[in-house]
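**Student:** Under the UniProt record's numbering, think of the first position of the sequence shown as 1, with each following residue one higher.
The C-beta atom is built at its ideal place from N, Cα and C for all residues, glycine as well.
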Amino acid sequence: MNPHSDSLTTRNGRPALRMERRLDHPPEKVWAALTDPAQLGRWFPSQVAVELRPGGAMTFTMPGVTGVAMTGTVTDAEPPQLFAFTWGEDHLRWEITPDGNGSLLTLTHTFGDRFGGASFASGWHLCLTALSQLLDGRDPAVDRDTGELHEAYLEQFGLGAGVVEDTPDGPRIRFERQLVRPAEAVWAALTGGAEPEVGAPVPPGFTAPPVPDGPVTEVSAPTLLAYRWHTEGTVRWELGKGTGHGARLVLTQTGPRDVDPGPALEAWHARIERLAARLLTD
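(1) In this structure, how does DSSP classify V202 when only helix, strand and coil are distinguished?
(2) What does a CB cutoff of less than 7 Å around A118 pick up in its chain, not counting 5 residues either side in sequence?
(3) Work out the CA separation of A77 and V164 for me, nearest whole Å.
(4) DSSP beta-bridge partners for T71?
(5) Do the region 23 to 35 and the region 94 to 108 touch if we need at least three Cβ pairs shorter than 8 Å?
(6) Could you check where the alpha helix (DSSP H) with G123 kicks off and where it finishes?
(7) In the DSSP assignment, the alpha helix (DSSP H) including Q178 goes from what residue to what residue?
(8) Beta-carbon within less than 6 Å of T234's beta-carbon, same chain only, minus the 5 sequence neighbours each way: which residues are those?
(9) Helix or strand or just coil, what does DSSP make of V211?
(10) So, with DSSP's three-state summary, where would you put V259?
(11) When DSSP labels each residue in this structure, what does Q47 get in the three-state scheme?
(12) Is there contact here, the region 167 to 174 with the region 238 to 247, by at least three beta-carbon pairs under 8 Å?
(13) Applying the 10 Å Cβ sphere with the 16-neighbour rule, what's the burial state of S5?
(14) Go to Q156, then tell me how far its alpha helix (DSSP H) extends in each direction, as first and last residue.
(15) Looking at C-beta atoms only, is the number of pairs between the region 106 to 117 and the region 31 to 38 that lie closer than 8 Å three or more?
(16) Do G205 and L224 count as a contact pair if the criterion is CB distance below 9 Å?
(17) Counting only the same chain and skipping the five closest in sequence on each side, list residues whose C-beta sits under 8 Å from that of T10.
(18) If you draw a straight line from the C-alpha of V198 to the C-alpha of W187, how long is it?
(19) Quick one: grab the DSSP three-state call for T281.
(20) Using only alpha-carbon positions, find the residue among R236, G147, M70, G162 that is nearest to P182.
(21) Which residue or residues does DSSP assign as beta-bridge partners of W87?
(22) Using DSSP with H/G/I as helix, E/B as strand and the rest coil, what is A141?
(23) Look up E184 in the DSSP assignment and say whether it is helix, strand or coil.
(24) Considering A16, what are the terminal residues of the beta strand (DSSP E) in which it resides?
(25) Which of the three DSSP states is assigned to R228 in this structure?
(26) If we ignore side chains and look at the alpha-carbon of each, how far apart do G240 and E218 end up?
(27) Tell whether a beta-carbon distance below 9 Å holds between L251 and G162.
Structure below.
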(Lines of atoms letter the chains of each structure in order from A and count residues from 1; the text may use other names and numbers.)
(Lines give C-alpha, C1' and ligand atoms only; values in the text may rest on other atoms or scores of the structure.)
Protein backbone atom coordinates (compact mmCIF):
# COMPACT_ATOMS: atom_id res chain seq x y z
CA MET A 1 0.00 0.00 0.00
CA ASN A 2 1.50 3.32 -1.11
CA PRO A 3 -0.04 6.41 0.49
CA HIS A 4 1.88 8.58 -1.95
CA SER A 5 -0.49 7.48 -4.73
CA ASP A 6 -3.41 9.02 -2.83
CA SER A 7 -4.65 12.44 -3.91
CA LEU A 8 -6.90 15.26 -2.78
CA THR A 9 -8.87 16.54 -5.73
CA THR A 10 -12.26 18.15 -6.42
CA ARG A 11 -15.49 16.38 -7.37
CA ASN A 12 -18.64 18.33 -8.19
CA GLY A 13 -17.10 21.43 -6.62
CA ARG A 14 -16.25 19.72 -3.32
CA PRO A 15 -12.99 18.29 -1.95
CA ALA A 16 -12.55 14.63 -2.85
CA LEU A 17 -10.01 12.18 -1.48
CA ARG A 18 -9.02 9.42 -3.92
CA MET A 19 -7.21 6.30 -2.71
CA GLU A 20 -6.28 3.15 -4.63
CA ARG A 21 -5.20 -0.18 -3.13
CA ARG A 22 -4.41 -3.46 -4.89
CA LEU A 23 -5.79 -6.47 -3.05
CA ASP A 24 -4.78 -10.08 -3.69
CA HIS A 25 -8.38 -11.26 -3.74
CA PRO A 26 -11.10 -11.51 -6.42
CA PRO A 27 -13.77 -8.77 -6.71
CA GLU A 28 -16.49 -11.00 -5.25
CA LYS A 29 -14.55 -11.46 -2.02
CA VAL A 30 -13.76 -7.76 -1.78
CA TRP A 31 -17.41 -6.92 -2.45
CA ALA A 32 -18.50 -9.10 0.47
CA ALA A 33 -16.04 -7.37 2.81
CA LEU A 34 -17.43 -3.98 1.71
CA THR A 35 -21.12 -4.81 2.04
CA ASP A 36 -21.56 -7.50 4.70
CA PRO A 37 -22.17 -5.68 8.01
CA ALA A 38 -20.43 -8.46 9.96
CA GLN A 39 -17.25 -7.99 7.92
CA LEU A 40 -17.60 -4.20 7.72
CA GLY A 41 -17.62 -3.96 11.50
CA ARG A 42 -14.14 -5.47 11.63
CA TRP A 43 -12.36 -2.81 9.54
CA PHE A 44 -14.73 0.11 8.89
CA PRO A 45 -14.67 3.02 11.40
CA SER A 46 -18.25 2.34 12.57
CA GLN A 47 -20.83 -0.40 12.85
CA VAL A 48 -23.09 -0.36 9.79
CA ALA A 49 -26.63 -1.47 9.04
CA VAL A 50 -27.51 -1.37 5.34
CA GLU A 51 -30.33 -2.13 2.92
CA LEU A 52 -28.19 -3.16 -0.03
CA ARG A 53 -30.07 -1.51 -2.90
CA PRO A 54 -30.09 1.95 -4.48
CA GLY A 55 -32.10 4.18 -2.16
CA GLY A 56 -31.60 1.78 0.74
CA ALA A 57 -31.16 3.18 4.23
CA MET A 58 -27.89 3.02 6.15
CA THR A 59 -27.10 3.59 9.81
CA PHE A 60 -23.63 4.24 11.20
CA THR A 61 -23.00 3.65 14.91
CA MET A 62 -19.64 4.38 16.49
CA PRO A 63 -18.26 1.62 18.75
CA GLY A 64 -18.81 2.39 22.41
CA VAL A 65 -21.19 5.28 21.69
CA THR A 66 -24.84 4.73 22.53
CA GLY A 67 -27.85 6.79 21.53
CA VAL A 68 -26.00 8.57 18.69
CA ALA A 69 -26.04 7.32 15.11
CA MET A 70 -25.58 8.88 11.69
CA THR A 71 -27.64 7.95 8.69
CA GLY A 72 -27.01 7.60 4.99
CA THR A 73 -28.49 6.32 1.75
CA VAL A 74 -27.15 3.81 -0.75
CA THR A 75 -26.66 5.60 -4.08
CA ASP A 76 -25.13 2.74 -6.06
CA ALA A 77 -25.08 -1.03 -5.57
CA GLU A 78 -23.74 -2.96 -8.55
CA PRO A 79 -22.13 -6.20 -7.35
CA PRO A 80 -19.29 -6.88 -7.46
CA GLN A 81 -18.00 -3.60 -8.89
CA LEU A 82 -19.59 -0.50 -7.33
CA PHE A 83 -20.90 0.37 -3.87
CA ALA A 84 -21.56 4.01 -3.03
CA PHE A 85 -23.49 5.80 -0.31
CA THR A 86 -23.94 9.00 1.60
CA TRP A 87 -22.76 9.28 5.20
CA GLY A 88 -24.23 12.44 6.65
CA GLU A 89 -23.14 15.14 4.19
CA ASP A 90 -20.27 13.04 2.79
CA HIS A 91 -20.32 10.62 -0.14
CA LEU A 92 -18.23 7.45 -0.34
CA ARG A 93 -17.74 5.61 -3.62
CA TRP A 94 -16.04 2.19 -3.64
CA GLU A 95 -15.09 0.80 -7.05
CA ILE A 96 -13.71 -2.71 -7.55
CA THR A 97 -12.05 -3.71 -10.82
CA PRO A 98 -10.35 -7.02 -11.65
CA ASP A 99 -6.56 -6.82 -11.61
CA GLY A 100 -4.84 -10.06 -12.57
CA ASN A 101 -5.60 -12.60 -9.86
CA GLY A 102 -6.74 -9.85 -7.54
CA SER A 103 -8.62 -6.56 -7.49
CA LEU A 104 -7.99 -2.84 -7.58
CA LEU A 105 -10.08 -1.05 -4.98
CA THR A 106 -10.62 2.69 -5.45
CA LEU A 107 -12.20 4.83 -2.75
CA THR A 108 -13.42 8.34 -3.55
CA HIS A 109 -14.53 10.20 -0.43
CA THR A 110 -16.24 13.52 -1.20
CA PHE A 111 -16.70 15.89 1.72
CA GLY A 112 -16.96 19.57 2.64
CA ASP A 113 -14.00 20.33 4.90
CA ARG A 114 -10.88 20.55 2.72
CA PHE A 115 -8.59 21.13 5.69
CA GLY A 116 -9.76 17.82 7.16
CA GLY A 117 -8.35 15.97 4.15
CA ALA A 118 -5.24 14.71 5.95
CA SER A 119 -7.32 13.38 8.84
CA PHE A 120 -9.63 11.51 6.48
CA ALA A 121 -6.68 10.14 4.47
CA SER A 122 -4.76 8.87 7.47
CA GLY A 123 -7.91 7.32 8.92
CA TRP A 124 -8.85 5.57 5.69
CA HIS A 125 -5.28 4.37 5.17
CA LEU A 126 -5.46 2.53 8.49
CA CYS A 127 -8.93 1.18 7.68
CA LEU A 128 -7.79 -0.10 4.30
CA THR A 129 -4.80 -1.75 5.94
CA ALA A 130 -7.22 -3.52 8.29
CA LEU A 131 -9.40 -4.52 5.32
CA SER A 132 -6.40 -6.10 3.62
CA GLN A 133 -5.57 -8.03 6.79
CA LEU A 134 -9.17 -9.27 7.05
CA LEU A 135 -9.17 -10.45 3.43
CA ASP A 136 -5.89 -12.27 4.07
CA GLY A 137 -7.59 -14.23 6.84
CA ARG A 138 -5.92 -12.37 9.69
CA ASP A 139 -7.48 -10.52 12.59
CA PRO A 140 -7.23 -6.79 11.76
CA ALA A 141 -4.62 -5.21 14.02
CA VAL A 142 -3.57 -1.69 13.10
CA ASP A 143 -1.84 0.76 15.43
CA ARG A 144 -3.51 4.12 15.86
CA ASP A 145 -1.84 7.02 14.08
CA THR A 146 0.13 9.09 16.59
CA GLY A 147 0.31 12.00 14.15
CA GLU A 148 3.15 11.14 11.79
CA LEU A 149 0.86 9.69 9.09
CA HIS A 150 -1.48 12.67 9.36
CA GLU A 151 1.40 15.12 8.96
CA ALA A 152 2.76 13.20 5.96
CA TYR A 153 -0.61 13.46 4.22
CA LEU A 154 -0.95 17.12 5.16
CA GLU A 155 2.38 17.88 3.48
CA GLN A 156 1.54 15.68 0.50
CA PHE A 157 -1.77 17.51 -0.07
CA GLY A 158 -0.31 20.98 0.55
CA LEU A 159 -2.72 21.76 3.37
CA GLY A 160 -0.27 23.77 5.48
CA ALA A 161 0.01 26.79 3.21
CA GLY A 162 -1.45 30.19 4.09
CA VAL A 163 -3.13 32.75 1.86
CA VAL A 164 -3.22 36.52 1.60
CA GLU A 165 -6.77 37.84 1.26
CA ASP A 166 -7.60 41.33 0.03
CA THR A 167 -10.05 43.15 2.31
CA PRO A 168 -11.34 46.75 2.45
CA ASP A 169 -9.04 47.33 5.44
CA GLY A 170 -5.95 45.92 3.76
CA PRO A 171 -4.37 42.50 3.29
CA ARG A 172 -5.25 39.67 5.65
CA ILE A 173 -2.97 36.68 6.12
CA ARG A 174 -4.88 33.52 6.95
CA PHE A 175 -3.77 30.02 7.90
CA GLU A 176 -6.13 27.15 8.63
CA ARG A 177 -4.41 23.97 9.75
CA GLN A 178 -5.53 20.76 11.37
CA LEU A 179 -3.31 19.83 14.34
CA VAL A 180 -2.74 16.45 15.96
CA ARG A 181 -3.31 17.36 19.61
CA PRO A 182 -6.29 18.82 21.49
CA ALA A 183 -6.58 22.53 22.17
CA GLU A 184 -5.33 22.20 25.76
CA ALA A 185 -2.07 20.60 24.60
CA VAL A 186 -1.59 23.17 21.83
CA TRP A 187 -2.25 26.02 24.27
CA ALA A 188 0.32 24.64 26.70
CA ALA A 189 2.91 24.45 23.92
CA LEU A 190 2.20 28.05 22.90
CA THR A 191 2.15 29.59 26.36
CA GLY A 192 5.03 27.65 27.88
CA GLY A 193 3.03 27.43 31.10
CA ALA A 194 2.72 31.22 31.58
CA GLU A 195 -0.93 32.12 31.18
CA PRO A 196 -1.36 35.32 29.13
CA GLU A 197 -3.44 38.28 30.33
CA VAL A 198 -5.02 41.21 28.55
CA GLY A 199 -2.59 44.14 28.53
CA ALA A 200 0.43 41.95 29.24
CA PRO A 201 3.14 41.15 26.69
CA VAL A 202 2.22 38.34 24.33
CA PRO A 203 4.00 35.03 25.09
CA PRO A 204 6.79 34.30 22.57
CA GLY A 205 5.03 31.15 21.38
CA PHE A 206 2.37 33.27 19.71
CA THR A 207 4.87 35.42 17.82
CA ALA A 208 6.75 35.07 14.54
CA PRO A 209 9.67 37.47 14.04
CA PRO A 210 10.04 39.71 12.10
CA VAL A 211 6.35 40.42 12.78
CA PRO A 212 6.36 42.86 15.73
CA ASP A 213 4.54 41.78 18.89
CA GLY A 214 2.43 43.90 21.19
CA PRO A 215 0.15 43.66 24.20
CA VAL A 216 -2.53 41.02 24.41
CA THR A 217 -5.93 42.47 23.51
CA GLU A 218 -8.11 39.39 23.94
CA VAL A 219 -7.62 36.00 25.56
CA SER A 220 -9.82 33.01 26.35
CA ALA A 221 -7.80 29.93 27.28
CA PRO A 222 -7.39 27.48 25.63
CA THR A 223 -9.05 28.66 22.42
CA LEU A 224 -8.26 32.33 21.68
CA LEU A 225 -5.49 34.89 21.89
CA ALA A 226 -5.21 38.17 19.98
CA TYR A 227 -2.73 41.02 20.11
CA ARG A 228 -1.94 44.21 18.24
CA TRP A 229 1.23 44.11 16.14
CA HIS A 230 0.61 47.40 14.34
CA THR A 231 -1.54 50.45 14.99
CA GLU A 232 -3.77 49.21 12.16
CA GLY A 233 -3.35 45.46 12.51
CA THR A 234 -3.86 42.50 14.83
CA VAL A 235 -2.76 38.87 15.07
CA ARG A 236 -5.41 36.37 16.15
CA TRP A 237 -4.93 32.71 17.15
CA GLU A 238 -8.07 30.55 17.36
CA LEU A 239 -8.25 26.86 18.30
CA GLY A 240 -11.54 25.20 17.43
CA LYS A 241 -13.00 21.77 16.84
CA GLY A 242 -11.08 19.71 14.31
CA THR A 243 -11.44 16.46 12.42
CA GLY A 244 -10.52 13.57 14.62
CA HIS A 245 -6.89 14.21 15.42
CA GLY A 246 -7.06 17.41 17.46
CA ALA A 247 -7.75 21.12 17.33
CA ARG A 248 -8.20 23.18 14.18
CA LEU A 249 -5.96 26.25 14.16
CA VAL A 250 -7.06 29.42 12.39
CA LEU A 251 -4.44 32.17 12.48
CA THR A 252 -5.05 35.58 10.94
CA GLN A 253 -3.00 38.73 10.69
CA THR A 254 -4.60 41.95 9.50
CA GLY A 255 -2.64 44.97 8.53
CA PRO A 256 -2.37 48.18 6.54
CA ARG A 257 -2.02 48.28 2.76
CA ASP A 258 1.45 49.85 2.83
CA VAL A 259 3.03 46.76 4.46
CA ASP A 260 4.16 43.88 2.22
CA PRO A 261 2.51 40.71 3.65
CA GLY A 262 5.03 38.36 1.99
CA PRO A 263 7.64 38.19 4.78
CA ALA A 264 4.95 37.75 7.43
CA LEU A 265 3.30 34.96 5.43
CA GLU A 266 6.61 33.08 5.33
CA ALA A 267 7.31 33.74 9.01
CA TRP A 268 3.92 32.47 10.14
CA HIS A 269 4.20 29.37 7.98
CA ALA A 270 7.54 28.53 9.59
CA ARG A 271 6.14 29.21 13.07
CA ILE A 272 3.12 26.96 12.59
CA GLU A 273 5.25 24.14 11.17
CA ARG A 274 7.54 24.31 14.21
CA LEU A 275 4.48 24.08 16.43
CA ALA A 276 3.17 21.07 14.48
CA ALA A 277 6.53 19.32 14.73
CA ARG A 278 6.67 19.91 18.48
CA LEU A 279 3.18 18.48 18.95
CA LEU A 280 4.37 15.19 17.45
CA THR A 281 6.89 14.78 20.26
CA ASP A 282 4.95 16.18 23.23
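**Tutor:** The short version:
(1) In the sequence shown, counting from the first residue as 1, residue 202 sits at position 202. The DSSP-derived three-state label of V202 is coil.
(2) As a working mapping, residue 118 is identified with position 118 in the sequence shown. For A118, same chain residues with a beta-carbon under 7 Å away, outside a window of 5 residues either side, are H150, Y153, L154, F157, L159, Q178 in chain order.
(3) For this step, residue 164 is matched to residue 164 along the sequence shown. For this step, residue 77 is matched to residue 77 along the sequence shown. Looking at the two C-alpha atoms, the distance is approximately 44 Å.
(4) Taking the first residue of the sequence shown as position 1, residue 71 is located at position 71. Beta-bridge pairing by DSSP links T71 to T59.
(5) Pairwise C-beta distances place the region 23 to 35 in contact with the region 94 to 108, as three or more of them are shorter than 8 Å.
(6) Your numbering for residue 123 matches position 123 in the sequence shown. Counting along the chain, G123 sits inside the alpha helix (DSSP H) bounded by residues 117 to 135.
(7) As a first step, residue 178 is located in the sequence shown; it is residue number 178 there, counting from the start. Where Q178 is concerned, there is no enclosing alpha helix (DSSP H), although the beta strand (DSSP E) it sits in stretches over 170 to 178.
(8) As a position in the sequence shown, residue 234 is number 234, starting the count at 1. Excluding sequence neighbours, T234 sits near A226, R228, T254.
(9) Within the sequence shown, the letter at position 211 stands for residue 211. In the three-state scheme derived from DSSP, where H, G and I count as helix and E and B as strand, V211 is classed as coil.
(10) Numbered from 1 along the sequence shown, position 259 holds the residue referred to as residue 259. Coil.
(11) Here the question's residue 47 lines up with position 47 in the sequence shown. Residue state for Q47 is assigned as strand, using DSSP reduced to three classes.
(12) In this structure the region 167 to 174 does not touch the region 238 to 247; the number of beta carbon pairs closer than 8 Å is below three.
(13) Position 5 of the sequence shown, counted from the first residue, corresponds to residue 5. With fewer than 16 Cβ atoms within 10 Å of its Cβ, S5 is classed as exposed.
(14) As a first step, residue 156 is located in the sequence shown; it is residue number 156 there, counting from the start. That run of the alpha helix (DSSP H) goes 148 to 157.
(15) By the Cβ criterion, the region 106 to 117 is not in contact with the region 31 to 38, since fewer than three pairs of Cβ atoms, one from each stretch, lie closer than 8 Å.
(16) For the purposes of this step, residue 224 is taken as the residue at position 224 of the sequence shown. For the purposes of this step, residue 205 is taken as the residue at position 205 of the sequence shown. Cβ atoms of L224 and G205: not closer than 9 Å.
(17) By 1-based counting over the sequence shown, the position of residue 10 is 10. In the same chain as T10, and ignoring 5 residues on each side of it, the C-beta atoms closer than 8 Å to its own belong to A16, in chain order.
(18) The sequence position of residue 198 within the sequence shown is 198, counting from 1. The sequence position of residue 187 within the sequence shown is 187, counting from 1. Their backbone Cα atoms lie some 16 Å apart in a straight line.
(19) Residue 281 sits at position 281 when you count from the first residue of the sequence shown. Shown here, T281 sits in a helix according to DSSP, grouped into three states.
(20) Along the sequence shown, read from residue 1 onward, the residue named residue 182 stands at position 182. Considering only R236, G147, M70, G162, the residue with the shortest C-alpha distance to P182 is G147.
(21) Working through the sequence shown from its first residue, we reach residue 87 at position 87. For W87, the beta-bridge partners assigned by DSSP are D90.
(22) On the sequence shown, residue 141 is found 141 positions in, with the first residue counted as 1. Note: A141 maps to coil in three-state DSSP.
(23) Within the sequence shown, the letter at position 184 stands for residue 184. Note: E184 maps to helix in three-state DSSP.
(24) Translated into the one-based positions of the sequence shown, residue 16 becomes position 16. A16 -> beta strand (DSSP E) spans 14 to 23.
(25) Translated into positions along the sequence shown, residue 228 becomes position 228. Strand.
(26) Residue numbering aside, residue 240 sits at position 240 when the sequence shown is read from its first letter. Residue numbering aside, residue 218 sits at position 218 when the sequence shown is read from its first letter. In this model, G240 and E218 are separated by some 16 Å (Cα to Cα).
(27) In the sequence shown, the residue the question calls residue 251 occupies position 251. In the sequence shown, the residue the question calls residue 162 occupies position 162. Going by C-beta atoms, L251 is nearer than 9 Å to G162.
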